[in-house]
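*Asks:*
2 protein chains.
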Amino acid sequence: MQIGPLKLKAQILCGAEAAMGPGKADLLEAIDRTGSISAAGRDMGMSYRKTWLLVDSMNRCWRDRLVDATAGGGAGRGARLTPAGREVLAAFRKLEARLAGVAGDDVATLAAMLRERPAAG
Amino acid sequence: MQIGPLKLKAQILCGAEAAMGPGKADLLEAIDRTGSISAAGRDMGMSYRKTWLLVDSMNRCWRDRLVDATAGGGAGRGARLTPAGREVLAAFRKLEARLAGVAGDDVATLAAMLRERPAAG
C-alpha cells in the first residue's frame, strides 16, 4: 500500500511461504465478492492456475482452511471464505491500517527532502 | 525486516524509483563503515556496478546528494555520507523501528492461527 511517498508491504510468513500478504488479501476479498475462485482470479487478471495455487497456499499455511471450494457447476464454481478466512483477512487489514497510521512524522521529514522525480543521470 | 511471522518492507518512492529502502539503507551504513563504495558493495556481496547504480539512484532521488565519492586512490576509494545522507538514513531507520513497534496485537492474533510450516500439498 502507498501513503504519500511511503510504500509499505506487510506479509505473514509460514516458514518461507507468504501465508498472507496484499495480493492474497485482495484475492480473499475477490472470492468473497464473486463467490468463485475462477471469477476472483479473472477480476484480478490472474490465470486460474495461479489463483488456485494462491488459495492452496493459504489453505496449507493456516491451521484452518481460509477458503472452502465446493465442486459442481463450472470450473471453480462455489467458493466462500470460512470463518477463519474472515478472521485472518480482518486481522491483516487491521494490521495494514495500523501500520499506515503510524507513519506520519518520519515520512514527512523524508518527503520534504525528496525530489518529485529522479534527476536525470 | 522480520518481527516474528511478520515481514515488513518500507520504501520511500521518488516517482517509480525506490529512493530509500532496506537495501539502500544497509548500503549507506556499509559506506559509512568502510569509507568506500567498492568495499561497501563487497561487504554486501554486490558487484561494483550494482553498488554504484544504487548510489547513483539515491543521489538522483533526493534534493541533496546522500553520498560523496572523491576520485583518486583505487576504484571507488573515498566515499562518505553527506549530512543529508545521515539525516535520511536516520529518519528511515526510525520509521522502520516505529512500524516494527506498532505491529503487536494483530500479529499475535494471526500468529496463533498460523501453522509452523505449510502443510504438505
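Residue numbers (the working numbering), protein chains in the order written: chain A, 1 to 121; chain B, 122 to 242. The beta-carbon is built from N, C-alpha and C at its ideal position, and this holds for glycine as well.
1) Write down every uninterrupted run of the beta strand (DSSP E) in the segment 197-228 of chain B whose length is 3 residues or greater and which is fully enclosed by it, in chain order.
2) Ignore the nearest five residues each way along the sequence and tell me which others in residue 132/B's own chain have a CB closer than 6 Å to its CB.
3) Pairing CB atoms from the segment 49-69 of chain A with CB atoms from the segment 224-240 of chain B, are three or more of them under 8 Å?
4) Should residue 76/A go down as buried or exposed, given a rule of 16 or more other Cβ atoms within 10 Å for buried?
5) Taking 8 Å as the cut-off, decide whether the C-beta atoms of residue 31/A and residue 40/A are in contact.
6) With a CB to CB cut of under 7 Å and the five nearest residues on each side skipped, what residues in its chain are close to residue 52/A?
7) Is there a Cβ from chain A that is less than 8 Å from the Cβ of residue 197/B?
8) Using 8 Å as the Cβ pair cut-off and three pairs as the minimum, do the segment 40-50 of chain A and the segment 89-97 of chain A touch?
9) Starting from residue 140/B, trace the alpha helix (DSSP H) in both directions and tell me its first and last residue.
10) Would the beta-carbon of residue 38/A be found less than 7 Å away from any heavy atom of the ligand GDP?
11) Can you give me, in chain order, the residues of the segment 175-189 of chain B that have a beta carbon less than 9 Å from any beta carbon in chain A?
12) Give the secondary structure of residue 119/A by DSSP, where H, G and I count as helix, E and B as strand, and everything else as coil.
13) Should residue 33/A be flagged as near chain B, meaning a C-beta pair shorter than 8 Å?
14) My guess is that residue 210/B and residue 7/A are in contact by the Cβ rule of under 8 Å, so how many angstroms apart are they, rounded?
15) Which residues mark the beginning and the end of the beta strand (DSSP E) in which residue 127/B is found?
16) Tell me residue 111/A's beta-bridge partners as DSSP assigns them.
17) Rounded to whole angstroms, what's the CA-CA distance from residue 156/B to residue 201/B? Just pull it up for me.
18) Measuring straight from C-alpha to C-alpha, what distance separates residue 130/B and residue 144/B?
19) Measuring CA to CA, which of 5/A, 33/A, 56/A, 29/A is closest to residue 241/B?
20) With DSSP as the reference, label residue 127/A as helix, strand or coil.
21) If you follow the beta strand (DSSP E) that residue 68/A is part of, which residue opens it and which one closes it?
22) Less than 8 Å between C-beta atoms, sequence neighbours within five positions excluded: which residues of the same chain meet that for residue 164/B?
23) Is the separation between the beta-carbon of residue 148/B and that of residue 206/B shorter than 8 Å?
*Replies:* According to the structure data:
1) Listed in chain order, the complete beta strand (DSSP E) runs (minimum 3 residues) inside the segment 197-228 of chain B are 200-202.
2) Non-local C-beta neighbours of residue 132/B in its own chain, meaning closer than 6 Å and more than five positions away in sequence, comprise 139, 142, ordered along the chain.
3) Taking 8 Å as the limit for Cβ pairs, the verdict is that the segment 224-240 of chain B does touch the segment 49-69 of chain A.
4) At residue 76/A the pLDDT is 45, less than 50, meaning the model places this residue with poor confidence and gives no usable figure here.
5) Yes, they are a contact pair.
6) Cβ neighbours of residue 52/A beyond the five flanking positions: 37.
7) Residue placement at residue 197/B is poorly supported in this model, since its pLDDT is 45, which falls under 50; the coordinates still yield a value, given next. It does not: the Cβ of residue 197/B has no partner Cβ on chain A nearer than 8 Å.
8) Between the segment 40-50 of chain A and the segment 89-97 of chain A there are fewer than three inter-stretch CB-CB distances shorter than 8 Å, so the stretches are not counted as touching.
9) Not the alpha helix (DSSP H): residue 140/B falls in the beta strand (DSSP E), residues 138-141.
10) Ligands in the displayed structure: none, and consequently the ligand GDP is not present.
11) Residues are counted here when their Cβ sits less than 9 Å from a Cβ of chain A; for the segment 175-189 of chain B these are 177, 178, 180, 181, 182, 183, 184, 185, given in chain order.
12) When DSSP states are grouped into helix, strand and coil, residue 119/A belongs to the coil group.
13) Not flagged as an interface residue toward chain B: residue 33/A, since no C-beta distance is shorter than 8 Å.
14) Between residue 7/A and residue 210/B the Cβ distance is about 18 Å, and since that is not below 8 Å, they are no contact.
15) Unbroken beta strand (DSSP E) run through residue 127/B: 127-135.
16) According to DSSP, which records beta bridges pairwise, residue 111/A is partnered with nothing at all.
17) Each residue's alpha carbon lies about 6 Å from the other.
18) The straight-line gap from Cα to Cα measures roughly 10 Å.
19) A check of alpha carbon separations from residue 241/B across 5/A, 33/A, 56/A, 29/A identifies 56/A as the nearest.
20) Residue 127/A is absent from the structure shown; chain A starts at 1 and stops at 121.
21) Here the beta strand (DSSP E) through residue 68/A covers 67-69.
22) Take residue 164/B, set aside five residues on each side of it, and the residues of its chain with a beta-carbon closer than 8 Å to its own are 151, 154, 155, in chain order.
23) The Cβ-Cβ distance between residue 148/B and residue 206/B does not fall below 8 Å.
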